[in-house]
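Asker: In the UniProt record's numbering, the protein residues as written are 1 to 1136.
All C-beta atoms in this analysis are idealised placements derived from N, C-alpha and C, irrespective of residue type, glycine included.
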C-alpha cells in the first residue's frame, strides 16, 4: 500500500520495536538541552541559536545539545585547514566522534548542562590517499556503550584502501594494531555488531566480519551472499525466496545494525539485504529487489496525477540514498527525477517498509516530501542523508552540509508541516549527526551539537488528548516554574499527581525544560519523596491504561466526574488500546528525559514488593494482551463475549445500556487477566453441552488455547523486546523478587490457569481426539507449558540477581524445588502418552534431565542419549545419567558406554570404586583396576567374603597387567600374605561356625585376636593340635597397636591346649614321655620343632603355665607337673 504525497487518515503507527533507552549513571539522569559557551547553573535553560531566529522557523526550534564541546574538538576545528574533510557521528549511546583530516577524536557527550570531567580521546588515523569519514569508524564495548568507560571501549578505523587500525582500549591511544583487509574495493562503512566484532563494507557491497583475537590481531572473513538454509539451491530457485546475488555495478549506500534483534541491513543501488548475526556466525535471510518493488510506486506518487503520466513513467529515474530503522519499520530515502523536466528537479521520498522476518511486506507507504533540488548528478544526490530519532514520532530529518529538512515519514495521522532549516551562515555547515536520547542531533561547524525540536504548539500525544488533559487539570495549581510549590511548602499526593500530569503535558508539547523544572521541584533528586514518587507514577500510568474514552459519545454518561483526565479519541476499541499504548510510551519517555525513571524504587502489589519500572512494564504488557484478545473477539465474538460477560459479573461491574460488554471490559485494561478463568469456564461448559463427535466440541478447546497462548506470547514478547526501556540503572539497589503477572499463582492466576488447562486437555479431550486433533492439541499445550516453565526461570533469575542472604537462599532453593516438581508433573503425562517429540522440546529447553533419560530409555535411543551428553556437557548430563543408571540398578548399561564417554565414566566412577575397576578392565586398563581393587580390599574391614574376593581379583589383575617384574612380584607377595591370614578364618571348623551362628558368606572380617579366641574356645569341641597351632601362628598378625600382651596370650593358648587332654592316665606311669606322646600339647611341640622354631625362646616358662587359672585343677596332681617338666626337658634337649 502506498500513498501519493499524503497518508490515508486511517494509517496508524505500528510500534513493533523497542524504543532506544539508555541507562545513565551519575548525578544527571537525562540528557539536557543547554546553551553552549555560557556559564550556567546545573539546570540551565536551553538557548535558541542566534542564527535561527523565530522568524526563520515556524514549527521547529534549533537548540544546542549537551554541555560544551571538548577542548580537543574545539582545537581541531580551529586548526583545521580549509581543505580538511570534517565529519561527525553521534550514537544513541551518547558517544560521538569527529574525523578531521587524519585526526580522530572520540568523546562521551556530557549529560549535564554544565560540562563535567568526561571522556575525550584523540587517535591518529592511518595514512590514506582518500579522505576519512566518520562512517569508517566504529566503537564497541564489552558492556553496554551507554555505561562503558574508556577502558572497556574498543575502536576500529579502516581507510578507503583497506588499512585497518584497531585500538583494543580507548584509554590507551598509542596501543593499537594495524593490518590490511582485502575488500576488493574502497571501504565506505564500518559498523560494530555482536561479540565485539565489526562489519567492514566496500562501495561494491563486499562485507567482511572483522574481530580481534586475544592478542589484538584482526581476523577477517567474508559474509557470503545468500548463505543460510537456501544456499546452494541455484539462482532460479533462490529467486523465488528473494535471495539473489547483487549486480556487479551495485553501490552500497547504507548499513544499519539493529542490536535489539541482532539483524544487519544493507541498502545498495538496487537491493535491500538482511542478515541475522550472532556472536560467531551470520546468515543472510533476505535480498530484496528495491527497484522492481518500489520504483513504479515512487514514480506514480510523484507524477501519477499528471495527464502525461503514461509516457513519463518509463523515463523517470530513481536513486536509493539512505536507510534507517524507525518504530514504524525500515525507512528508505529515495530521490527521483525525470530528464525531460524543465528545470529537472530531484524529488525526495521516504518509503516505509515492514520487515516480516524473511520477507518484506507488500504493504508499504511512500511519502513524497516537499524537499526537492535541481538535479545535477546522481553522485551529488548522495550528499543528502536521512536521520530518524527512535521515538513514537513520525518525524524524519533529511540533511546535507547546508540544511536540515524536517518532514513526515507518512506513517502517522498527526504530524507537523515540512520545514527547511538553513545552516548557511558564514563558516557554518552540517558535518554529520545521529540520534541520541531520542532526539535528532546534528553537528554544526558554528554551534557544535544541536538538536531540532518541535515547538510547543505540537504534541506527540494522540489527537484531542491535549484538550481533555487540560480540562482535567483545570482545578490544579498553576505549573509555572515560579509558582510551583517548593520543598518548604509540602504538596499533597493528589496535587503531586495533577502537577506531574501537567509536566507530562508540557513534555508532550516539546517543552522539555518546562517539564524538567516542574519535576525537579516536585521530586528532587535527593530522594525526599521517593515512596510518593512511585505511588504517583504508578497511579498516572494506571489511569492511562484504564482511561475512560470520554470522546466516545456512548460513554458520556458513564465517565466518572473525577476521571483520570486522559480521554482517548478512537471510537473503535482496538484503536483505543493502540492510543493507550502510545500514551504509555510517551509517559515512559517523559520519565526518562526528566530523570525520574532512575529515581523509581518499588511499590506494593498484592502484599508483595515489586519494582515500579516492572509494574509499568506490566501495564504495557496487559495492553498488548488486550489488543490480542480484541482481535480474537472479532473472530470469536460469541465465545469471548461469554467469557468477558462472566468476568464483569464476577467483578460486579454493570454494563450501561448505551455500551456493549466489550466496551466496558476492554476499558479497564489492568483487569484483563480476569478473562482467563472465565474462558476455561466457557470451555468446560461447552465440552459438557456439545457431543464428543461434534465440530464445536474440539474447536472450542483449540480456540481457547489460541487465545491464552497469543495473549501470553504478546505480553512476553513485549517484555523481552522492550526490556531496555524498563531496565534498572547499573548502580540501582537490589530489586525484590520479580513475579510477572503471567506467572501469578492462586485463584485465577496464569500458572493455575495453564495447569488446569493441561488437565482438561489430557484428561477430558485427548482420549477422545483423533490423531490430527491430538497433534494440534499437543502443539498448543507445549507452547503454554513453555510459557509456564519460562516464568519459573525468570523468577529464579530475579532471585539470583539479589544480594545473597540465608533467607533468600532458602527462598531460591524452595522455588527451585517447586519448579522441578511442577516441571516433572507437567511433562510426565506427555511422556506416558508417547508424545516424545514435544516432550523433547520442553525437556531440552528447561533441562529436565530425568525426563530426557526416561524418554531415551523408553525408546531405546542410545544415540540421542549420546547427543544429550555432548549438548549438556557443561551441565554434567553424563553424571546425571550415570547416577540414574546406578539408582535404577542398570549397572550393565552404566558400564557399557561407548568409547567417547569412557573418560567421563571413569571420572564419575572415581566416587564409586566398587564399580570403577569393572570399567578399567573393560578398557583393559589393568593397572588402574589393580590399584582400585587392592585399595578396596585394604579398606574392606566389614565382610570376610568380600575382602577375600577383592584380594583374589587384585591378584588376577596384577598378573594380567604389564607391571615390571620386580613390582609385580612385590604386589603379588603382599596379596598372598593377606590371603594367608584370611585362610585362618576360611578354615574355621564348620561345627564352630554353626555353634557361633556364623555364615561363611556373610560373617564379618575377624581380627587375629578374635580368631585365636575362636580356635581355642571351649565351643570348639573338636579342637586338635592343628587348631591350636593356627592360634599360635596368628600371634604374628597381632600388631603393637592392638594393645595385646602376646606372651600372655601364648601362655593362654598352651594352657587351653593342656586342658584339652585327660592327664589322669599318666598317674603311675613310669615313662612321662611315653605317657604324654598322644597329648595335643606334645603334638603342638612336635609341629613347632618340625618348622624349626627354637623351643628355648618360643615356649613359655613352666612356672608361667602352672600359674594359669586354666590349669588350677591340674596343679593339684603331682604327676601333672612332673610330666610337664619332663616333656619340656626332653624336647628342649632333643632340639639341641
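Are the Cβ atoms of residue 757 and residue 672 separated by less than 9 Å?
Answerer: No, Cβ-Cβ distance for residue 757 and residue 672 is not below 9 Å.
Asker: Mapping DSSP to helix, strand and coil, what is residue 313?
Answerer: Three-state DSSP puts residue 313 in coil, outside helix and strand.
Asker: Taking C-beta to C-beta, are residue 431 and residue 105 nearer than 9 Å?
Answerer: No, the pair does not count as a contact, with Cβ atoms beyond the cut-off.
Asker: In angstroms with no decimal places, state the Cα-to-Cα distance between residue 51 and residue 387.
Answerer: Summary for residue 51: the model assigns pLDDT 42, below 50, so the residue's position carries little reliability; its value from the coordinates is reported in the next sentence. Between residue 51 and residue 387, the C-alpha separation is close to 22 Å.
Asker: Any idea if residue 608 is buried or exposed, counting beta-carbon neighbours within 10 angstroms, 16 or more meaning buried?
Answerer: Its Cβ having fewer than 16 others within 10 Å, residue 608 is exposed.
Asker: Could you pull the DSSP bridge partners for residue 271 from this structure?
Answerer: Paired residue(s): 289.
Asker: Assuming residue 851 and residue 839 make a contact with CB atoms under 8 Å, what is their CB distance in whole Å?
Answerer: Sure, about 6 Å apart at Cβ, within 8 Å.
Asker: Considering residue 122, what are the terminal residues of the alpha helix (DSSP H) in which it resides?
Answerer: No alpha helix (DSSP H) holds residue 122; the beta strand (DSSP E) holding it covers 120 to 124.
Asker: Which complete beta strand (DSSP E) runs does the region 369 to 427 hold, if anything under 3 residues is left out?
Answerer: Runs of the beta strand (DSSP E) inside the region 369 to 427: 385 to 387, 395 to 399, 403 to 408 and 419 to 422.
Asker: Please classify residue 468 as buried or exposed, where buried requires at least 16 other C-beta atoms within 10 Å of its C-beta.
Answerer: Note on residue 468: pLDDT 47, under 50, position unreliable in the model; the coordinate value appears next. Buried is the call here.
Asker: Spatial neighbours of residue 1006 within its chain, please: C-beta separation below 8 Å, excluding the five flanking residues on both sides.
Answerer: Cβ neighbours of residue 1006 beyond the five flanking positions: 944, 985 and 1014.
Asker: For residue 1126, which three-state DSSP category applies?
Answerer: Note: residue 1126 maps to helix in three-state DSSP.
Asker: For residue 1170, I'd like the list of residues in its chain whose CB is within less than 8 Å of its CB, leaving aside the five on either flank, ordered along the chain.
Answerer: Since the first and last residues shown for the chain are 1 and 1136, residue 1170 lies out of range.
Asker: Compute the distance between the beta-carbons of residue 593 and residue 516, then report whether it is under 9 Å.
Answerer: Taking 9 Å as the Cβ cut-off, residue 593 and residue 516 qualify as a contacting pair.
Asker: How far does the beta strand (DSSP E) with residue 253 in it reach, from first residue to last?
Answerer: Counting along the chain, the beta strand (DSSP E) containing residue 253 begins and ends at 252 to 258.
Asker: Report yes or no: do three or more beta-carbon pairs, one from the region 89 to 96 and one from the region 143 to 153, lie closer than 8 Å?
Answerer: With the cut-off at 8 Å, the region 89 to 96 and the region 143 to 153 touch.
Asker: Please go through the same chain and pick out, in chain order, the residues whose beta-carbon is closer than 6 Å to the beta-carbon of residue 189, but skip the five residues on each side of it.
Answerer: For residue 189, where only same-chain residues beyond five positions count, the Cβ hits under 6 Å are 135, 201 and 255.
Asker: Whole angstroms are fine: how far does the CA of residue 454 sit from the CA of residue 495?
Answerer: Each residue's Cα considered, the two are about 29 Å apart.
Asker: Can you confirm whether the region 644 to 652 touches the region 717 to 733 when touching is taken to mean that 3 or more C-beta pairs between the two stretches lie within less than 8 Å?
Answerer: At 8 Å Cβ cutoff, the stretches do not touch.
Asker: Can we say the region 735 to 745 touches the region 795 to 803, given the rule of at least three CB pairs closer than 8 Å?
Answerer: Contact between the region 735 to 745 and the region 795 to 803 is present, because at least three Cβ pairs lie under 8 Å.
Asker: What would DSSP say about residue 214, mapped onto helix, strand or coil?
Answerer: Of the three classes helix, strand and coil, the one that applies to residue 214 here is coil, per DSSP.
Asker: Among residues of its own chain, excluding the 5 on either side of residue 542, which ones have a beta-carbon nearer than 7 Å to its beta-carbon?
Answerer: Answer for residue 542: 619 and 670, listed in chain order.
Asker: Flag this pair as touching only if the region 1081 to 1093 and the region 1017 to 1031 have three or more C-beta atom pairs under 8 Å; answer yes or no.
Answerer: Output reads yes: the region 1017 to 1031 touches the region 1081 to 1093.
Asker: Would DSSP call residue 1139 helix, strand or coil?
Answerer: Any answer about residue 1139 is impossible in this case: the structure gives the chain only from 1 up to 1136.
Asker: Could you have a look at residue 1004 and say whether DSSP puts it in helix, strand or coil?
Answerer: DSSP places residue 1004 in strand when its eight states are reduced to three.
Asker: Quick check: what's the CA-CA separation for residue 1018 versus residue 1089?
Answerer: Looking at the two C-alpha atoms, the distance is approximately 26 Å.
Asker: So if DSSP puts residue 159 in a beta bridge, which residue, or which two residues, is it bridged to?
Answerer: None, per the DSSP bridge assignment.
Asker: According to the Cβ coordinates, are residue 1156 and residue 353 closer than 9 Å?
Answerer: Lying outside 1 to 1136, the shown extent of the chain, residue 1156 is not represented and no answer is given.
Asker: Sorted by chain position, which residues of the same chain lie with C-beta nearer than 6 Å to residue 101's C-beta, five sequence neighbours on each side aside?
Answerer: Excluding sequence neighbours, residue 101 sits near 84.
Asker: Rounding to the nearest angstrom, what Cα-Cα distance links residue 692 and residue 675 in this structure?
Answerer: Cα to Cα, the separation comes out at about 25 Å.
Asker: Using alpha carbons as the reference points, say which of 424, 370, 664 and 573 lies closest to residue 628.
Answerer: The option with the nearest alpha carbon to residue 628 is 573.
Asker: For the region 118 to 129 and the region 169 to 183, state whether three or more C-beta atom pairs, one from each stretch, are separated by less than 8 Å.
Answerer: Touching, yes.
Asker: Using the Cα positions of residue 998 and residue 1036, report the straight-line distance between them to the nearest angstrom.
Answerer: Answer to the nearest angstrom: the Cα atoms are 25 Å apart.
Asker: Taking Cβ to Cβ, would you say residue 519 is nearer than 9 Å to residue 531?
Answerer: Going by C-beta atoms, residue 519 is not nearer than 9 Å to residue 531.
Asker: In angstroms with no decimal places, state the Cα-to-Cα distance between residue 299 and residue 579.
Answerer: Cα to Cα, the separation comes out at about 33 Å.
Asker: By DSSP, does residue 106 sit in helix, in strand, or in coil?
Answerer: In this structure, residue 106 counts as strand in the three-state DSSP scheme.
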